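Asks:
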Amino acid sequence: METPMSEHAFDPAAYEGRWQAYWETHKTFRSVADPGKPKFYALGMFPYPSGSGLHVGHPESYTALDIVARYKRMNGFAVLHPMGWDAFGLPAERYAVKTGVHPAKTTAENIARFKHQLKRLGFSYDWDREISTADVTYYRWTQWIFLKLYEQGLAYLADVPVNWCPAQGTVLANEEVEDGKYRETGDPVERRMMRQWMLKITAYADRLLDDLDQVDWPESIKDMQRNWIGRSLGAEVHFGIAGSDARFTVYTTRPDTLFGATYCVLAPEHPLVDAVTTADQRAAVDAYVEVAKNKSDLDRQKGGDKDKTGVFTGGYAINPVNGAKVPIWVADYVLISYGTGAIMAVPAHDERDHAFATRFGIPIVQVVSSPEGHDVQAEAWTGGGLSMNSGPYDGLDTETCKQRITAALEADGTGQAKVNYKLRDWLFSRQRYWGEPFPVVHLEDGTVQPLSPDDLPVALPHVDAFRPTDDGRPPLGRAADWVQTTWQGQPALRELNTMPQWAGSCWYYLRYMDPENTSLPVDPEVERYWGPVDLYIGGVEHAVLHLLYARFWHKVLYDVGLVHTVEPFTKLFNQGMILAYAYRDAAGNYHAPDACEQRAGKTVTFQPAWQTEPVTTDWFVKASGEPVHVRIGKMGKSLANSVDPLDIVDRYGADALRTYEMFMGPLEQVKPWQTSGCEGVYRFLGRVWRLFVDGDTGAVKPFGATSREVRKALHAAIKETTEGIEALKFNTPVSKMMELVNACGGELPSRADAETFLLILSPYAPHLAEELWARIGHDHTLADERWPAWDPAALIDDTVTIAVQVMGKVRGTIEVARDADAATVLAAAKAEPNVARHLEGTTIRKEIVVPGRLVNFVVG
RNA sequence: GGGGGCGUGGCGGAACGGUAGACGCGGCGGAUUCAAAAUCCGCUUCCGAGAGGAGUGCGAGUUCGAGUCUCGCCGCCCCUACCA
0 METPMSEHAF
10 DPAAYEGRWQ
20 AYWETHKTFR
30 SVADPGKPKF
40 YALGMFPYPS
50 GSGLHVGHPE
60 SYTALDIVAR
70 YKRMNGFAVL
80 HPMGWDAFGL
90 PAERYAVKTG
100 VHPAKTTAEN
110 IARFKHQLKR
120 LGFSYDWDRE
130 ISTADVTYYR
140 WTQWIFLKLY
150 EQGLAYLADV
160 PVNWCPAQGT
170 VLANEEVEDG
180 KYRETGDPVE
190 RRMMRQWMLK
200 ITAYADRLLD
210 DLDQVDWPES
220 IKDMQRNWIG
230 RSLGAEVHFG
240 IAGSDARFTV
250 YTTRPDTLFG
260 ATYCVLAPEH
270 PLVDAVTTAD
280 QRAAVDAYVE
290 VAKNKSDLDR
300 QKGGDKDKTG
310 VFTGGYAINP
320 VNGAKVPIWV
330 ADYVLISYGT
340 GAIMAVPAHD
350 ERDHAFATRF
360 GIPIVQVVSS
370 PEGHDVQAEA
380 WTGGGLSMNS
390 GPYDGLDTET
400 CKQRITAALE
410 ADGTGQAKVN
420 YKLRDWLFSR
430 QRYWGEPFPV
440 VHLEDGTVQP
450 LSPDDLPVAL
460 PHVDAFRPTD
470 DGRPPLGRAA
480 DWVQTTWQGQ
490 PALRELNTMP
500 QWAGSCWYYL
510 RYMDPENTSL
520 PVDPEVERYW
530 GPVDLYIGGV
540 EHAVLHLLYA
550 RFWHKVLYDV
560 GLVHTVEPFT
570 KLFNQGMILA
580 YAYRDAAGNY
590 HAPDACEQRA
600 GKTVTFQPAW
610 QTEPVTTDWF
620 VKASGEPVHV
630 RIGKMGKSLA
640 NSVDPLDIVD
650 RYGADALRTY
660 EMFMGPLEQV
670 KPWQTSGCEG
680 VYRFLGRVWR
690 LFVDGDTGAV
700 KPFGATSREV
710 RKALHAAIKE
720 TTEGIEALKF
730 NTPVSKMMEL
740 VNACGGELPS
750 RADAETFLLI
760 LSPYAPHLAE
770 ELWARIGHDH
780 TLADERWPAW
790 DPAALIDDTV
800 TIAVQVMGKV
810 RGTIEVARDA
820 DAATVLAAAK
830 AEPNVARHLE
840 GTTIRKEIVV
850 PGRLVNFVVG
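Each residue of the first sequence is one higher than the last, beginning at 0 in numbering that gives the first Met the number 0.
In structure tokens form, the structure reads like this:
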């Protein structure tokens, strides 16, 4: 059945492995700090080595970075392009709980697999710098950095509410909780106060916000971080409580509306709820607070404006600006975790307060002028205006009024200007086994002592079971010998919590610079050369947490003198997700893309069981001929549409996969995988092969003379490739190289031009480029060759085709000399038959000549 | 609700304010082949037999000229959310 292929036919499998071995043995891509060279640090977000292996999304950003890295090397840069593993994490631990297999074993296996897969894609990593966050030689420095944080007063223990899952006996991260249940198992999750390590990221809020201005990041990501930090400028205002000396404080961004406060609201958890509640309201308030406590945050937010709930406490507050008595309510739309957990409610100028006031019949008093026709009784006016009903402040614009009222509050001690943040301190402990142990001990007197850096590392002890202990302590409690220790001669207990997965990824980019260092996380001298990361590419899902945490640590390390810049990642770029088509039959079953085919012209309509609308399609299951509905979605098991990158490598080779992933479309865009498109790229690479290699003899075909047309295509391709890589637009260069090969028509140009083509092809398809480079007589890799320059003169033709428009519509084209003057062009344009026809009987009012482009006649 | 992004052929996508649809897929036709695969060449936005006309989500506007700029809608995607 198998036709024996000519041994000289295009066969990537025949040489790709050989070149990967060559690069490895020759250490072609070793990063060497060279003070005589500019440096470039290209970094991809390192993967979590999951059990399911590499997916087709990984090679997208990795290929883009690899192209940049190879390009920069050829442009004389010392390039740092490393790879490693975000190896601590939950899936391995969960797997361990289920199967008893130690996470270290699972993780090592997964890393081996990932590494094998990545190597088959031919990325130019310096594998000597490989790191793993779960390696004790790595995490001892994560612990070292924790000690620095502690030293700086940025790490502390606090009792905080956490997501406690009784069934699992552990605390869950917010993202693991959905609808009050553990996402994986559906076990209920409750709020519980626990003593936890916190990192004081809020101390860096202003710097994290302000320094965003100095980095070259997508504006959308900066905005997401800004929103997350959520700095707002407002005022804290103290409200007295009628009939009591106590007072409570509210936070507002609109102190100018203070005269419009017609009630106050305390969050159900607010400590003063009890004190302000009167006897006759007590039962109602207690009941309300009890219900609110058991509601998850999500449930509390679900209702939106329509059905806000709340209960009057019976108590009254005194508005400090006018002494007015306003009722105090308790309502769960006020969150204890934001601001002061209490608000003054101004229904005329806040939508939430308006909805609440309307529902409970509370007066709405307008204190800021609204536009003509806007009735604040019907809808809140949240914009600015002139103050009214505000005593001495009447007539002031909103900004001025804010300042005056705030100043007045400060003068009489009833309030002050206040900057507030949404950003919370970072909950930094997890009741997990598979993470970095904390370098601290607990003494019998209840104090906590940080270890000396000399005592590091605190190695993760071996345990055989990974569930919490029977008495509810974290899994590390099982390592009894490890837990019992001494500190300066005193008996001490080790910390049973571990650090969250974010910890290791907060500084890995630094370790790559100096992975062998045994006395510091990174030598500041080395960092001064390689840092900061010049280009960081990763998924948008890390837009906030990872990137914010890493920036925070970096700033702390800057403050202690370890790094020399305030920001770690100069340029950030987000690749778009790769989606895939999914094929669903009438019964609702999904079929693998490989099992389906399009039969053009065989369109049928069928009635699926899963929707009322009939479906028209020309896609069918190959084997059964069943029609299938085609849709697009995330790759995954549920749609049966995953594509394994190594299957693609097996069929088409690594170069085709790499080049196709770039050819699909702009890197930042979400785009669907189409294996047929990959095949198109494979064909292109085959044409390149056949351009150089005689299919019968395997000999290199003779070089010829470069035609003018080929020369133009070549220089257009050099230009596009160069500018494209610089601008991270990787798709159009592939088109230009295709055009070049098409222009060659199967005949090699001159040796010099053929070599130039291989050089610009090499970042995309390095194996093929190396193979052909060797076959035409080179005995050394092309990775160190000089990137070619294009000749602008080669792009210019002697004659140009010019479009001729009449009233903006193209009516014909003319061929003129490139440097023809306007008069000549106009004459030729008017002579064009179809143009002449459209000009007939009209008066030319205006003649527009765009040299080398077009002519437009305005007639009337 | 807020923030960001996107709407172009059958499909993925190209287009300094200047010939819309490069390049690729798919399709059609041809060459090669005993035949097929592979390969090579040509055609392929839509309507129309043709001349020609229409055309970048919809509607206005600016301009000699708009996929591109402005305003207003419609639709889709992502993020975020009672943040006071």
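We put the CB at the ideal spot given by N, CA and C, even for glycine. Computed from a predicted model, the values in this text were never measured in an experiment.
Check whether the Cβ atoms of Leu862 and Asn162 lie closer than 8 Å to each other.
Replies: Since the displayed the chain opens at 0 and closes at 859, residue 862 lies outside it and no answer follows.
Asks: So the candidates are Ala274, Tyr659 and Gly664; which of them puts its Cα closest to the Cα of Gly676?
Replies: That would be Tyr659, whose Cα lies nearest to the Cα of Gly676.
Asks: I need the DSSP call for Ser219, collapsed to helix, strand or coil.
Replies: Ser219: helix per DSSP, three-state reduction.
Asks: In or out: Ile847 buried (at least 16 other Cβ within 10 Å) or exposed?
Replies: Flag for Ile847 reads exposed.
Asks: Exposed or buried, Ile843, counting other C-beta atoms within 10 Å across all chains shown (16 or more means buried)?
Replies: Exposed, by the Cβ-count rule.
Asks: Please report the straight-line C-alpha distance between Ser518 and Phe113, rounded to a whole angstrom.
Replies: Computed Cα separation, rounded: 30 Å.
Asks: I'd like to check one pair, Trp380 with Ser369: are the Cβ atoms closer than 8 Å?
Replies: In this structure, Trp380 lies closer than 8 Å to Ser369 by Cβ.
Asks: Excluding five sequence neighbours on each side, which residues of the same chain lie with their C-beta closer than 6 Å to the C-beta of Gly664?
Replies: Around Gly664: Lys670 and Asn730.
Asks: Taking the alpha carbon of Leu120 as the reference point, which residue from Ala764, Val824 and Gln489 has its own alpha carbon closest?
Replies: Selected option, being the one with the closest Cα: Ala764.
Asks: State the DSSP-derived secondary structure class of Thr2, mapped to helix, strand or coil.
Replies: In this predicted model, Thr2 has a pLDDT of only 40, less than 50, meaning its place in the structure is not dependable; the value taken from the coordinates is given anyway. Three-state DSSP puts Thr2 in coil, outside helix and strand.
Asks: Do Lys421 and Ala216 have their beta-carbon atoms positioned less than 8 Å apart in this structure?
Replies: The amino acid occupying residue 216 in the given sequence is Trp; Ala does not appear at that position. No; because the gap between Cβ atoms is not below 8 Å, this pair is not in contact.
Asks: Mind checking who His237 pairs with in its DSSP beta bridge?
Replies: Per DSSP, Thr248.
Asks: Roughly how many angstroms lie between the CA atoms of Glu814 and His54, to the nearest whole one?
Replies: Rounded to whole angstroms, Glu814 to His54 spans 51 Å at the Cα level.
Asks: Under the DSSP definition of a beta bridge, which residues are partnered with Tyr262?
Replies: According to DSSP, Tyr262 bridges with Ala344.
Asks: Under a Cβ-count criterion, where at least 16 other Cβ atoms within 10 Å of its own Cβ denotes burial, should Ile795 be classed as buried or exposed?
Replies: Flag for Ile795 reads exposed.
Asks: With a threshold of 7 Å on Cβ separation, who are the neighbours of Val135 within its own chain once the five nearest residues in sequence on each side are excluded?
Replies: Result list for Val135: Pro456 and Ala458, in chain order.
Asks: For the stretch 428-488, which segments carrying the beta strand (DSSP E) assignment without a break, of at least 3 residues, lie completely within its bounds, in sequence order?
Replies: Those beta strand (DSSP E) runs which fall completely within the stretch 428-488 and span 3+ residues are 439-442, 447-449 and 483-486.
Asks: Does the beta-carbon of Thr446 have 16 or more other beta-carbons within 10 angstroms, so that it is buried, or is it exposed?
Replies: By the 10 Å Cβ count, Thr446 comes out exposed.
Asks: According to DSSP, simplified to helix, strand and coil, what is Gly383?
Replies: Gly383: coil per DSSP, three-state reduction.
Asks: Starting from Phe87, trace the alpha helix (DSSP H) in both directions and tell me its first and last residue.
Replies: First-last for Phe87: undefined, no H or E at that position.
Asks: Which same chain residues, not among the five before or five after Val799, have their C-beta less than 6 Å away from its C-beta?
Replies: Here the set comprises Arg817 and Gly851.
Asks: Considering only their Cβ atoms, is the gap separating Thr141 from Ala502 smaller than 8 Å?
Replies: Against a cut-off of 8 Å, the Cβ pair of Thr141 and Ala502 comes out as a contact.
Asks: For Gly635, name the three-state secondary structure that DSSP assigns.
Replies: It is coil, neither helix nor strand.
Asks: Going by the beta-carbon positions, is the gap between Cys400 and Val325 smaller than 8 Å?
Replies: In this structure, Val325 does not lie closer than 8 Å to Cys400 by Cβ.
Asks: Determine the DSSP secondary structure at Ser231, reduced to helix, strand or coil.
Replies: Of the three classes helix, strand and coil, the one that applies to Ser231 here is strand, per DSSP.
Asks: Confirm the yes/no value for this check: CB of Trp196, any heavy atom of the ligand PLP, distance under 7 Å.
Replies: Absence of the ligand PLP is noted for the structure shown, with no ligands found whatsoever.
Asks: Which one of Arg650, Gln668 and Phe605 has the shortest CA to CA distance from Val629?
Replies: Among Arg650, Gln668 and Phe605, the Cα nearest to that of Val629 belongs to Phe605.
Asks: With a cut-off of 8 Å on the beta carbons, I'd call His553 and Glu526 a contact; round off their distance for me.
Replies: About 11 Å; that fails the 8 Å criterion.
Asks: Could you spell out the range, first to last residue, of the alpha helix (DSSP H) harbouring Tyr548?
Replies: From DSSP, the alpha helix (DSSP H) with Tyr548 extends over Leu544 to Asp558.
Asks: Indicate whether Thr137 and Pro81 have their beta-carbon atoms separated by less than 8 Å.
Replies: It is worth fixing the name first, because residue 137 is Tyr in this sequence and not Thr. Contact: no.
Asks: Is the Cβ-Cβ distance between Leu42 and Tyr508 less than 8 Å?
Replies: Their beta carbons are under 8 Å apart, which means Leu42 touches Tyr508 by this criterion.
Asks: Is it the case that the Cβ atoms of Gln500 and Phe87 are separated by a distance below 8 Å?
Replies: Contact flag set, yes.
Asks: Which first and last residues belong to the beta strand (DSSP E) in which Asn573 is found?
Replies: Asn573 -> beta strand (DSSP E) spans Leu571 to Asn573.
Asks: Round the Cβ separation of Gly309 and Phe355 to the nearest angstrom and send it over; I've been treating them as touching at under 8 Å.
Replies: The pair is a contact, with the Cβ atoms about 6 Å apart (cut-off 8 Å).
Asks: Reducing DSSP to helix, strand and coil, say where Pro102 ends up.
Replies: Residue state, collapsed to three classes: helix.
Asks: For Ala698, which residues in the same chain have their Cβ closer than 8 Å to its Cβ, ignoring the five residues on either side in sequence?
Replies: Taken in chain order, the residues that qualify are Val692.
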